[in-house]
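Undergrad: Per mature numbering (1 follows the signal peptide of the UniProt record, and there is no 0), the sequence shown runs over residues -24 to -1, 1 to 95.
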Amino acid sequence: MVATAWVIAISISLPPLFWRQVKAEEVTSCSVNTDHIFYTIYSTFGAFYIPTLLLIALYGRIYVEARKMILKQSPKKTGKRLTSAHLITNSPGSTTPLNYRTQETSYSETSSPASANQE
């Protein structure tokens, strides 16, 4: 796979060296060479568009597989956050006990979920 990447890179970079006839001192303006339109299209697709599509496809597969693994590990927590934080109230740094609710507590005692966050 690494060798393939090098072969593609060399096949994109070398052709302009063979048809280049202007010396560096003679160049007075910067312009796009339209004499080799096939090479321009080939190098653009080979160096940008095809690698971009491959990366999008591969990252998409990684995302799908990672999501499957996470959902397979915790089927009971579908739709909930997969991380949780626990407040330690009796640690040496805490001065007053705090009242808070866990995820399992329902909001039936209060009028809205927003009021539960204010406690």
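Where is the CB? At the ideal position from N, CA and C, for every residue including glycine.
1. For residue 23, tell me which candidate among -15, -23 and -24 has the shortest Cα-Cα distance.
2. Could you spell out where the alpha helix (DSSP H) holding residue 8 opens and where it closes?
3. For the putative contact between residue 19 and residue -13, defined by C-beta atoms under 8 Å, what is the C-beta separation to the nearest angstrom?
4. What are the start and end residues of the alpha helix (DSSP H) that includes residue 29?
5. Helix, strand or coil for residue 86 per DSSP?
6. Can you tell me whether residue -8 is helix, strand or coil according to DSSP?
TA: If we stick to the structure as given:
1. Minimum Cα distance to residue 23 is reached at -15.
2. Neither: residue 8 is in no alpha helix (DSSP H) and is coded neither H nor E.
3. That pair is a contact at about 5 Å.
4. Start and end: 26 to 49.
5. At residue 86, the pLDDT of 47 sits below 50, so the modelled position is not reliable; the number obtained from the coordinates is stated separately. In this structure, residue 86 counts as coil in the three-state DSSP scheme.
6. Of the three classes helix, strand and coil, the one that applies to residue -8 here is helix, per DSSP.
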